[in-house]
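Q: The structure's right below; bear with me while I get my questions together.
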Amino acid sequence: MHENRGPLSLRQMNRLRILETLYRNPSTSRTELARSTGLSRGTVSALVDELGRAGVVEERDAPEDDESRRGSGRPPVLLSLVPDAAYAVGLDFGHDHIRVAVSDLAGESLFDDWSPARVDHAPTESLDLARELVRAALRSAGVATDRVLGVGMGIAAPIDRATGRLVANGILPGWRGIEPAAEMEGRLGIHVELENDANVGALGEKIFGAARGVDELVYVLLSAGIGAGIILGGRPYQGVSGVAGEIGHVLADPSGLICRCGNRGCLETVASPVAVAALLERSIGEPVSVQRLLELVAEGHRGATRAVADAGEAVGRVVAMVVNTFNPELVVVGGELAGAGAVLLDPIRSAIERHSVAPAAAAARVTAGTLGGSAEVLGAAGLILAQSPHALARRVER
Ligand SMILES: [Zn+2]
Numbered sequence: 133m134h135e136n137r138g139p140l141s142l143r144q145m146n147r148l149r150i151l152e153t154l155y156r157n158p159s160t161s162r163t164e165l166a167r168s169t170g171l172s173r174g175t176v177s178a179l180v181d182e183l184g185r186a187g188v189v190e191e192r193d194a195p196e197d198d199e200s201r202r203g204s205g206r207p208p209v210l211l212s213l214v215p216d217a218a219y220a221v222g223l224d225f226g227h228d229h230i231r232v233a234v235s236d237l238a239g240e241s242l243f244d245d246w247s248p249a250r251v252d253h254a255p256t257e258s259l260d261l262a263r264e265l266v267r268a269a270l271r272s273a274g275v276a277t278d279r280v281l282g283v284g285m286g287i288a289a290p291i292d293r294a295t296g297r298l299v300a301n302g303i304l305p306g307w308r309g310i311e312p313a314a315e316m317e318g319r320l321g322i323h324v325e326l327e328n329d330a331n332v333g334a335l336g337e338k339i340f341g342a343a344r345g346v347d348e349l350v351y352v353l354l355s356a357g358i359g360a361g362i363i364l365g366g367r368p369y370q371g372v373s374g375v376a377g378e379i380g381h382v383l384a385d386p387s388g389l390i391c392r393c394g395n396r397g398c399l400e401t402v403a404s405p406v407a408v409a410a411l412l413e414r415s416i417g418e419p420v421s422v423q424r425l426l427e428l429v430a431e432g433h434r435g436a437t438r439a440v441a442d443a444g445e446a447v448g449r450v451v452a453m454v455v456n457t458f459n460p461e462l463v464v465v466g467g468e469l470a471g472a473g474a475v476l477l478d479p480i481r482s483a484i485e486r487h488s489v490a491p492a493a494a495a496a497r498v499t500a501g502t503l504g505g506s507a508e509v510l511g512a513a514g515l516i517l518a519q520s521p522h523a524l525a526r527r528v529e530r
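Shown next, in the form of structure tokens:
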């Protein structure tokens, strides 16, 4: 659906205030709504009735044990957004997979699926595959296209905020000159928002996972690529041109391997799950997949444990700089390698303690993400959900 993107009318602005309040605080009474929006009771009631008729807001009586019942006779009526009034789609383009999820307005994931894909080298094939995955996901979730507010799309490359293109200096080699959001919009006929994969991972863990309620956080994605998503004051921080958080391409070993970005010894060449698995192949004498690497760690295999712990140390040294720079409350570790648990996390913690200033290290709790491989796709849907009050304010007409 193509929304009118001009300025909002006063009525739409007031509607937006109601919708934003209900998006952030489901189950709010009319009295609380008037207080938090600064609108009169009469205006709130008129707007809520209108939103109710449009099927966007629903009311129900406060439950028996609700605080708002205390002291008054009549049970207060609580208002929320109708979860199935609209939907968001998340898409996650990794280096070697595409994942899709359909979420309702309440952030409940109705369906998710994924497929291996040669994303790095075959952009057209990958975009076509994503179209099929989205169509199939909407069919399976029973959601018509015109109910979808938008598609959030995470991709494993920094995004130039001015042009909407990838900063593809070797990080996604096949994607030079391609505008992924426009390509995807053309295929789906749905509005698409593009964001870097580590940034949507951070958003996913903040909205749905380990970082709920945390406003200063760093999400470290240890996947086929390595990156960090930084959230400051509750908002994703992308930097002036969209490259903030590219810790995968910080020097970790001056005599290391040549990286896909063209530099030598980047963190990614030392600590990506693929690089760590490859380290073991010679000693074991057979190909080692990332899955196999994690199994070996779980079995307590000495070489696999050593390799993952050393990767953790290298990641921790780089993250220590980020901790010194931004003083986060939480460092969430995601991506496949996070599946190694304490074998990975403990060396990250010690390296942060050793290499960042004591008060910053003490403030930064380090934990694994709780969403696993779904953090990025859910965060991508979350990008759209965060804009849903705006989209709904425009859609509802008298
Ligand atoms: Zn690099």
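In our numbering, each number is its position in the sequence shown, counted from 1, plus 132.
Here a beta-carbon is modelled for each residue, glycine too, at the ideal position from N, C-alpha and C.
These numbers were taken from a predicted model, which means no experiment stands behind them.
Smallest Cα separation from Ser235: which of Lys338, Val528, Gly511?
A: Sequence index remark: in the sequence shown, residue 235 carries index 103 (1-based). Closest option to Ser235, Cα to Cα, is Gly511.
Q: Let me check you understand the geometry: is the CB of His381 closer than 7 Å to at least one non-hydrogen atom of ligand 1?
A: On the sequence shown, position 249 is the one that residue 381 refers to. Result yes, Cβ under 7 Å from ligand 1.
Q: What is the DSSP secondary structure of Leu265, counted as helix, strand or coil?
A: In the sequence shown, residue 265 corresponds to position 133, counting from 1. Helix.
Q: On a CA-only basis, which of Val528, Arg526, Arg527, Leu517 is nearest Tyr155? Give me that one, please.
A: Within the sequence shown, the letter at position 23 stands for residue 155. The option with the nearest alpha carbon to Tyr155 is Leu517.
Q: Measure the CB-CB distance between Asp244 and Val408 and report whether it falls below 8 Å.
A: Your numbering for residue 244 matches position 112 in the sequence shown. Your numbering for residue 408 matches position 276 in the sequence shown. No. Outside cutoff.
Q: To the nearest angstrom, how far is the alpha carbon of Val420 from that of Ala194?
A: Here residue 420 corresponds to residue number 288 of the sequence shown, with the count starting at 1. Here residue 194 corresponds to residue number 62 of the sequence shown, with the count starting at 1. C-alpha separation (whole angstroms): 55 Å.
Q: From Gly318 to Glu468, what does the alpha carbon distance come to, in whole angstroms?
A: Walking along the sequence shown from the start, residue 318 turns up at place 186. Walking along the sequence shown from the start, residue 468 turns up at place 336. Near 32 Å, if we compare the C-alpha coordinates of Glu468 and Gly318.
Q: Using 7 Å as the cut-off, classify the Cβ of Asn395 as near or not near the heavy atoms of ligand 1, replying yes or no.
A: As a first step, residue 395 must be located in the sequence shown, where it is residue number 263. Correct: Asn395 has its Cβ closer than 7 Å to ligand 1.
Q: For Val498, which of His522, Ala507, Gly473 has the nearest alpha-carbon?
A: For the purposes of this step, residue 498 is taken as residue 366 along the sequence shown, with counting starting at 1. Ranking His522, Ala507, Gly473 by Cα distance to Val498 puts Gly473 first.
Q: Am I right that Val232 and Val221 are in contact with their C-beta atoms under 8 Å? What's the rounded C-beta distance?
A: Residue numbering aside, residue 232 sits at position 100 when the sequence shown is read from its first letter. Residue numbering aside, residue 221 sits at position 89 when the sequence shown is read from its first letter. Right, their Cβ atoms sit about 7 Å apart.
Q: Any chance the stretch 356 to 372 sits against the stretch 222 to 230, with 3 or more Cβ pairs inside 8 Å?
A: They touch, by the three-pair rule.
Q: With 16 other CB atoms within 10 Å as the buried threshold, where does Ser404 fall?
A: Here residue 404 refers to the residue found at position 272 of the sequence shown. Classification of Ser404: buried, given that the 10 Å Cβ count is 16 or more.
Q: So, for Ile480: in the same chain, excluding its five sequence neighbours on each side, which residues have a beta-carbon less than 7 Å away from its beta-carbon?
A: Counting from 1 along the sequence shown, the entry for residue 480 is found at position 348. Within the same chain, Ile480 has close Cβ partners Gly444, Val447, Gly448, Val451, Val465, Val498.
Q: Is any beta-carbon of chain B found at less than 8 Å from that of Leu411?
A: Within the model displayed, chain B is absent; a lone protein chain is all it includes.
Q: Which same chain residues end up closer than 7 Å to Leu261 when comparing Cβ atoms and leaving out the 5 residues on each side of it in sequence?
A: The residue labelled residue 261 in the question sits at position 129 within the sequence shown. So the list reads Ile230, Ser247, Ala249, once near-sequence residues are dropped.
Q: Would you list the residues sitting across from Val350 in a DSSP beta bridge?
A: Within the sequence shown, the letter at position 218 stands for residue 350. Bridge partners of Val350: Ile362, Val463.
Q: Can the beta-carbon of Val346 be found less than 8 Å from the beta-carbon of Lys338?
A: Walking along the sequence shown from the start, residue 346 turns up at place 214. Walking along the sequence shown from the start, residue 338 turns up at place 206. The answer is yes: Cβ separation under 8 Å.
Q: Identify, in the order they occur along the chain, each residue of the same chain with its Cβ nearer than 6 Å to the Cβ of Asn331, setting aside the five sequence neighbours on each side.
A: In the sequence shown, residue 331 corresponds to position 199, counting from 1. Within the same chain, Asn331 has close Cβ partners Gly361, Pro368.
Q: Taking DSSP as the reference, what is the three-state secondary structure of Ser241?
A: Translated into positions along the sequence shown, residue 241 becomes position 109. If DSSP states are grouped into helix, strand and coil, Ser241 belongs with the strands.
Q: Check whether the Cβ atoms of Leu281 and Ala218 lie closer than 8 Å to each other.
A: Start at 1 with the first residue of the sequence shown, and residue 281 comes out as number 149. Start at 1 with the first residue of the sequence shown, and residue 218 comes out as number 86. For Leu281 and Ala218, yes; Cβs fall inside 8 Å.
Q: So, are the CB atoms of Ala273 and Leu242 less than 8 Å apart?
A: By 1-based counting over the sequence shown, the position of residue 273 is 141. By 1-based counting over the sequence shown, the position of residue 242 is 110. Cβ distance < 8 Å, so Ala273 and Leu242 count as in contact.
Q: Is any heavy atom of ligand 1 found at a distance shorter than 7 Å from the C-beta of Arg449?
A: Position 317 of the sequence shown, counting from 1, holds the residue named residue 449. No; taking the cut-off as 7 Å, the Cβ of Arg449 has no heavy atom of ligand 1 nearer than that.
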